[in-house]
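Engineer: Supplied in structure tokens, the structure appears directly below.
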Amino acid sequence: MSAVIEAQVPVAVEIADEPDLLRVRTVLRQHAVAAGFGLVDQTKLVTAGSELARNILRYAGGARGGLHVEAVDGTGRVGLRAVFFDEGPGIEDVDAALGDGFSTGGSLGLGLPGARRLVDEFAIESSPGAGTRVTITKWRR
Amino acid sequence: MSIDPDAPAIRRVQTAEIMLDSLFDEVIQLDENGFVVTWNRGAERLKGYTADEAVGLHVSAFYTEEDVRGGLAERELRIAREAGKFETEGWRRRKDGSRLWASVVITAMRDADGTLLGYVKVARDQTERRAADELIRRQRDEILELSTPVIQVWDRVLALPIIGTLDSNRASRLTESLLGQIAELSAEIVILDISGVPTIDTQVAQHLLKTVQAARLMGATSILSGVRPETAQAMVHLGIQLGTLRSRSTLRDALQLALQMIAAGNANANGGNGNGTGNGAVSGLIKDLATP
Amino acid sequence: MTPVVPIMRIGATVLISLQGDLDDATVVRIESAIMQEVSRTRTTGTLIDVSGLGMVDSFIARVIARMAAMTRLLGAETVIVGIQPAVAITLVEMGVTMADLNTALNAEQGMEMLRRLTEGGHVEATAAHAAG
Chain A
1 MSAVIEAQVP VAVEIADEPD LLRVRTVLRQ HAVAAGFGLV DQTKLVTAGS ELARNILRYA
61 GGARGGLHVE AVDGTGRVGL RAVFFDEGPG IEDVDAALGD GFSTGGSLGL GLPGARRLVD
121 EFAIESSPGA GTRVTITKWR R
Chain B
142 MSIDPDAPAI RRVQTAEIML DSLFDEVIQL DENGFVVTWN RGAERLKGYT ADEAVGLHVS
202 AFYTEEDVRG GLAERELRIA REAGKFETEG WRRRKDGSRL WASVVITAMR DADGTLLGYV
262 KVARDQTERR AADELIRRQR DEILELSTPV IQVWDRVLAL PIIGTLDSNR ASRLTESLLG
322 QIAELSAEIV ILDISGVPTI DTQVAQHLLK TVQAARLMGA TSILSGVRPE TAQAMVHLGI
382 QLGTLRSRST LRDALQLALQ MIAAGNANAN GGNGNGTGNG AVSGLIKDLA TP
Chain C
434 MTPVVPIMRI GATVLISLQG DLDDATVVRI ESAIMQEVSR TRTTGTLIDV SGLGMVDSFI
494 ARVIARMAAM TRLLGAETVI VGIQPAVAIT LVEMGVTMAD LNTALNAEQG MEMLRRLTEG
554 GHVEATAAHA AG
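Protein sequence lines, in the order shown, are assigned to chains A, B and C.
Going left to right, the first sequence walks through residues 1 to 141 as the numbering used here numbers them.
Going left to right, the second sequence walks through residues 142 to 433 as the numbering used here numbers them.
Going left to right, the third sequence walks through residues 434 to 565 as the numbering used here numbers them.
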């Protein structure tokens with residue numbers, strides 16, 4: 001069933017301009033619905049995605065960025081994996097960025113820690129000059 | 142050199158092969174690196190590959206994608222190698238990509254010198270039994286769920302008597318159900334009765350507070366009931382701060398408070414609904430308990 | 434082509450309904466429009482209906498909180514109504530409690546709350562808030 005749905009819903013979204021923020025939310029919502037997520041889990045995934053997409057728009061310094069979504073099979077469960085990547089300047093201190101209250105943009109940096117709390121698995125790879133890659137996974141309950 | 146088909150050794154091998162093929166279960170042999178050497182009818186039935194297709198494949202071909210990524214097959218072989226035998230249950234993958242839940246025994250085969258020759262792997266399909274277990278678990282959860290209905294005790298006042306342990310999953314379900322009822326019944330006050338919760342630890346307190354916060358975002362003020370002096374003490378001890386969350390020791394007292402609040406029309410007024418989890422309100426909690 | 438932000442007035446109350454999918458620029462534009470309206474004429478209360486939002490992320494939440502704080506400085510109380518259950522759960526899970534905001538279930542309850550809050554003037558609300 002999921003194979004048919006994926007043919008209709010885009011699995012890759014470029015994140016370069018403001019309208020892409022909406023596109024990311026829509027695509028994630030569609031995938032979550034197709035994967036059989038309940039409304040609360042859909043909302044959590046879309047919200048997490050919105051935070052991560054915004055990070056790319058605001059902090060990747062105009063560098064290329066995007067989202068890739070795929071359905072995943074765990075041991076006896078199905079879920080969605082979304083990878084948010086950008087070729088921006090990277091985060092110098094990832095640990096600090098994951099702590100609440102971190103901010104370089106002059107506003108409360110709830111993006112990363114908040115998004116992390118909404119998903120089941122969260123992985124981030126980032127270093128100065130190497131861009132950033134955030135992978136989130138949410139399983140269907 | 143020709144082989145005499147009637148030789149006892151040949152007969153023994155043939156008998157062994159017939160034995161293997163009449164077994165329902167999968168019985169296969171792997172070489173010392175985990176590649177399939179022999180494949181019986183049971184394996185074909187279980188996994189979907191014919192012997193021709195399976196021989197030469199690495200055993201990890203029958204594991205799920207996620208397990209392959211995690212290196213599970215190598216780990217299991219290693220344990221069999223070191224301990225002699227390894228028994229486990231887990232998801233495996235068939236040729237068509239579908240899954241089965243298998244119980245597996247991997248035994249290391251060694252010659253007289255102790256050199257590892259390979260492995261014998263026996264597997265049995267337990268998918269149905271597991272499905273039955275899952276069903277029982279789900280039914281048990283639902284029964285637990287039914288024992289915690291949201292009750293409308295008054296116009297705009299809901300009560301949620303929580304009975305039993307409160308884990309993450311259950312807390313989520315209760316919260317969703319409660320919020321749905323708040324919307325449906327236009328509730329302004331929610332009484333969370335915890336007299337049926339055996340232990341209030343930091344985690345349970347967190348679940349409760351999140352529920353209270355979510356209810357507040359929907360305009361409903363919460364009152365905690367069933368908080369006995371010992372419970373209050375335990376919470377203070379654990380450093381659990383309830384902020385401005387009101388509490389009473391009995392459901393009846395909580396209902397009385399709820400009605401007072403509704404009558405006074407200040408159920409959710411006063412800048413922030415008065416339910417934010419601010420600091421230094423522990424004294425407020427104790428004061429509430431002391432109020433007759 | 435920037436769409437007009439529909440703001441309603443009922444007496445001294447400003448009402449706005451946020452709907453659909455809002456990008457950051459739109460949210461900020463709405464905030465701007467509301468602040469202009471509140472400061473332009475005598476306003477004692479603002480009602481923001483978010484029942485049409487299927488998602489509220491940290492940015493939207495921040496702007497709403499900022500708006501409520503600013504309107505209070507201008508002498509008006511703000512009430513947020515219609516936060517959907519899934520949104521409420523998500524906000525709390527994220528750690529965004531919006532603890533200083535007035536919230537109500539719907540517009541009706543929200544208007545009732547505004548009435549109560551502004552009866553004795555917003556001074557009463559501020560004092561009660563300080564008393565916690």
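Glycine included, C-beta positions come from ideal geometry on N, C-alpha and C.
Quick check: residue 80 (chain A) and residue 527 (chain C), are their CB atoms within less than 8 angstroms of each other?
Structural biologist: Numbered from its first residue, the first sequence carries residue 80 (chain A) at position 80. Numbered from its first residue, the third sequence carries residue 527 (chain C) at position 94. For residue 80 (chain A) and residue 527 (chain C), no; Cβs fall outside 8 angstroms.
Engineer: Starting from residue 67 (chain A), trace the beta strand (DSSP E) in both directions and tell me its first and last residue.
Structural biologist: What you label residue 67 (chain A) is simply residue 67 of the first sequence in a count that begins at 1. From DSSP, the beta strand (DSSP E) with residue 67 (chain A) extends over 65 to 73.
Engineer: According to DSSP, simplified to helix, strand and coil, what is residue 160 (chain B)?
Structural biologist: If you number the second sequence from 1, residue 160 (chain B) lands on position 19. The answer is helix: DSSP assigns residue 160 (chain B) an H, G or I state.
Engineer: What three-state label does DSSP hand residue 262 (chain B) in the structure shown?
Structural biologist: Taking the second sequence and counting its residues from 1, the one referred to as residue 262 (chain B) is at position 121. Residue state, collapsed to three classes: strand.
Engineer: At a cut-off of 7 angstroms, would you count residue 455 (chain C) as near the ligand SAH, judging by its Cβ distance to the nearest heavy atom?
Structural biologist: Questions concerning the ligand SAH fall outside what the structure shown contains, since it holds no ligand whatsoever.
Engineer: Which of the three DSSP states, helix, strand or coil, is assigned to residue 277 (chain B)?
Structural biologist: Along the second sequence, read from residue 1 onward, the residue named residue 277 (chain B) stands at position 136. Reduced to three states, the DSSP call for residue 277 (chain B) is helix.
Engineer: Using Cβ-Cβ distances below 8 angstroms, what residues of the region 17 to 28 of chain A are close to chain C?
Structural biologist: 18, 19, 21, 22, 25 and 26
Engineer: With 8 angstroms as the threshold, decide whether the Cβ of residue 101 (chain B) is near any Cβ in chain A.
Structural biologist: The first residue shown for chain B is 142 and the last is 433, placing residue 101 (chain B) beyond what the model contains.
Engineer: What does a CB cutoff of less than 7 angstroms around residue 171 (chain B) pick up in its chain, not counting 5 residues either side in sequence?
Structural biologist: Locating residue 171 (chain B) in the second sequence gives position 30, where the first residue counts as 1. Excluding residues within five positions, the ones whose Cβ falls inside 7 angstroms are 177, 178, 200, 259, 260 and 262.
Engineer: What is the rounded straight-line gap between the Cα of residue 446 (chain C) and the Cα of residue 64 (chain A)?
Structural biologist: As a position in the third sequence, residue 446 (chain C) is number 13, starting the count at 1. As a position in the first sequence, residue 64 (chain A) is number 64, starting the count at 1. Rounded to whole angstroms, residue 446 (chain C) to residue 64 (chain A) spans 45 angstroms at the Cα level.
Engineer: Look at residue 532 (chain C) and residue 320 (chain B) and say whether their C-beta atoms are less than 8 angstroms apart.
Structural biologist: Numbered from 1 along the third sequence, position 99 holds the residue referred to as residue 532 (chain C). Numbered from 1 along the second sequence, position 179 holds the residue referred to as residue 320 (chain B). No, these two residues do not count as a Cβ contact at 8 angstroms.
Engineer: Can you give me the C-alpha to C-alpha distance between residue 173 (chain B) and residue 301 (chain B), rounded to a whole angstrom?
Structural biologist: Within the second sequence, the letter at position 32 stands for residue 173 (chain B). Within the second sequence, the letter at position 160 stands for residue 301 (chain B). Going from the Cα of residue 173 (chain B) to the Cα of residue 301 (chain B) covers about 60 angstroms.
Engineer: Measure the beta-carbon distance from residue 429 (chain C) to residue 492 (chain C) and round it to whole angstroms, keeping in mind my assumption that it falls under 8 angstroms.
Structural biologist: Any answer about residue 429 (chain C) is impossible in this case: the structure gives chain C only from 434 up to 565.
Engineer: Using 8 angstroms as the threshold, is the region 353 to 366 of chain B in touch with the region 380 to 387 of chain B, meaning 3 or more CB pairs across them?
Structural biologist: yes
Engineer: In three-state DSSP terms, what is residue 146 (chain B)?
Structural biologist: Mapped onto the second sequence, residue 146 (chain B) falls at position 5. Looking at residue 146 (chain B) - three-state DSSP - the assignment turns out to be coil, as it is neither helix nor strand.
Engineer: Return no unless some Cβ of chain C is closer than 8 angstroms to the Cβ of residue 404 (chain B).
Structural biologist: Taking the second sequence and counting its residues from 1, the one referred to as residue 404 (chain B) is at position 263. Under the 8 angstroms criterion on CB atoms, residue 404 (chain B) is classed as non-interfacial with respect to chain C.
Engineer: Less than 8 angstroms separating the beta-carbons of residue 35 (chain A) and residue 9 (chain A)?
Structural biologist: Looking up residue 35 (chain A) in the first sequence gives position 35. Looking up residue 9 (chain A) in the first sequence gives position 9. Their beta carbons are not under 8 angstroms apart, which means residue 35 (chain A) does not touch residue 9 (chain A) by this criterion.
Engineer: State the CB to CB distance for the pair residue 451 (chain C) and residue 463 (chain C), rounded to an integer number of angstroms; the pair is presumed to be in contact (CB under 8 angstroms).
Structural biologist: Counting from one through the third sequence, the residue named residue 451 (chain C) turns up at place 18. Counting from one through the third sequence, the residue named residue 463 (chain C) turns up at place 30. The Cβ separation is near 7 angstroms, so the contact holds.
Engineer: Do we get a CB-CB distance below 8 angstroms when we pair residue 3 (chain A) with the residues of chain B?
Structural biologist: Looking up residue 3 (chain A) in the first sequence gives position 3. Below a pLDDT of 50, predicted positions are generally treated as unreliable, and residue 3 (chain A), at 44, falls in that range; the measurement from the model is reported next regardless. No - not a single Cβ of chain B is within 8 angstroms of the one on residue 3 (chain A).
Engineer: Going by DSSP, what residue range makes up the alpha helix (DSSP H) through residue 399 (chain C)?
Structural biologist: In the structure displayed, chain C extends from 434 to 565; residue 399 (chain C) sits before or after that span and is not available.
Engineer: Using a C-beta to C-beta distance shorter than 8 angstroms, which residues of chain A count as neighbours of residue 308 (chain B)?
Structural biologist: In the second sequence, the residue the question calls residue 308 (chain B) occupies position 167. Under the 8 angstroms cutoff, chain A gives no residues; its nearest Cβ is about 13 angstroms from residue 308 (chain B).
Engineer: Just to confirm before moving on: does the CB-CB distance between residue 253 (chain B) and residue 221 (chain B) stay below 8 angstroms?
Structural biologist: Position 112 of the second sequence, counted from the first residue, corresponds to residue 253 (chain B). Position 80 of the second sequence, counted from the first residue, corresponds to residue 221 (chain B). For residue 253 (chain B) and residue 221 (chain B), no; Cβs fall outside 8 angstroms.
Engineer: Is the beta carbon of residue 72 (chain A) closer than 8 angstroms to that of residue 53 (chain A)?
Structural biologist: Residue numbering aside, residue 53 (chain A) sits at position 53 when the first sequence is read from its first letter. Residue numbering aside, residue 72 (chain A) sits at position 72 when the first sequence is read from its first letter. Contact check for residue 53 (chain A) against residue 72 (chain A) fails: the beta carbons are separated by 8 angstroms or more.
Engineer: By the three-class DSSP mapping on this structure, what secondary structure does residue 16 (chain A) have?
Structural biologist: In the first sequence, counting from the first residue as 1, residue 16 (chain A) sits at position 16. The answer is coil: DSSP assigns residue 16 (chain A) none of H, G, I, E or B.
Engineer: Using a Cβ-Cβ cutoff of less than 8 angstroms, which residues in the same chain neighbour residue 61 (chain A) once the five nearest sequence positions on both sides are dropped?
Structural biologist: On the first sequence, position 61 is the one that residue 61 (chain A) refers to. Excluding residues within five positions, the ones whose Cβ falls inside 8 angstroms are 88 and 89.
Engineer: So which residues on chain A does residue 513 (chain C) lean against when the C-beta distance must stay under 8 angstroms?
Structural biologist: On the third sequence, residue 513 (chain C) is found 80 positions in, with the first residue counted as 1. Near residue 513 (chain C) there are no residues of chain A at all, since even the closest Cβ is about 17 angstroms away, more than 8 angstroms.
Engineer: Quick check: residue 147 (chain B) and residue 189 (chain B), are their CB atoms within less than 8 angstroms of each other?
Structural biologist: Indexing the second sequence from 1 puts residue 147 (chain B) at position 6. Indexing the second sequence from 1 puts residue 189 (chain B) at position 48. Cβ distance not < 8 angstroms, so residue 147 (chain B) and residue 189 (chain B) don't count as in contact.
Engineer: For the candidate residues A:98, A:140 and A:124, whose alpha-carbon lies nearest to that of residue 134 (chain A)?
Structural biologist: Stepping through the first sequence from its first residue, residue 134 (chain A) is reached at position 134. Among A:98, A:140 and A:124, the Cα nearest to that of residue 134 (chain A) belongs to A:124.
Engineer: Going by the CB atoms, is the gap between residue 547 (chain C) and residue 478 (chain C) shorter than 8 angstroms?
Structural biologist: On the third sequence, position 45 is the one that residue 478 (chain C) refers to. On the third sequence, position 114 is the one that residue 547 (chain C) refers to. The answer is yes: Cβ separation under 8 angstroms.
Engineer: Which residues in the same chain have their Cβ closer than 8 angstroms to the Cβ of residue 398 (chain B), if we skip the five residues on either side of it in sequence?
Structural biologist: Reading the second sequence from its first residue, position 257 is the one you call residue 398 (chain B). Once the five neighbours on either side are set aside, the close Cβ partners of residue 398 (chain B) are 364, 387 and 389.
Engineer: Quick one: which residues of the region 62 to 81 of chain A get their C-beta closer than 8 angstroms to a C-beta of chain B? List them in chain order.
Structural biologist: 72, 73, 74, 75 and 76
Engineer: Using a Cβ-Cβ distance cut-off of 8 angstroms, determine whether residue 104 (chain A) contacts chain B.
Structural biologist: By one-based count along the first sequence, residue 104 (chain A) stands at place 104. Because the pLDDT at residue 104 (chain A) is just 47, under 50, the model does not fix this residue reliably, and the value given afterwards should be weighed accordingly. Judged by the 8 angstroms Cβ criterion, residue 104 (chain A) is not in contact with chain B.
Engineer: Using a Cβ-Cβ distance cut-off of 8 angstroms, determine whether residue 500 (chain C) contacts chain B.
Structural biologist: Looking up residue 500 (chain C) in the third sequence gives position 67. Output row for residue 500 (chain C): interface = no.
Engineer: In angstroms with no decimal places, state the Cα-to-Cα distance between residue 169 (chain B) and residue 139 (chain A).
Structural biologist: Numbered from its first residue, the second sequence carries residue 169 (chain B) at position 28. Numbered from its first residue, the first sequence carries residue 139 (chain A) at position 139. Residue 169 (chain B) and residue 139 (chain A): Cα-Cα distance of roughly 34 angstroms.
Engineer: To the nearest angstrom, how far is it from the Cα of residue 196 (chain B) to the Cα of residue 229 (chain B)?
Structural biologist: Sequence index remark: in the second sequence, residue 196 (chain B) carries index 55 (1-based). Sequence index remark: in the second sequence, residue 229 (chain B) carries index 88 (1-based). Using only the alpha carbons, I get a separation of about 23 angstroms.
Engineer: Measuring only the C-alpha atoms, how far is residue 326 (chain B) from residue 299 (chain B)?
Structural biologist: Translated into positions along the second sequence, residue 326 (chain B) becomes position 185. Translated into positions along the second sequence, residue 299 (chain B) becomes position 158. Near 9 angstroms, if we compare the C-alpha coordinates of residue 299 (chain B) and residue 326 (chain B).
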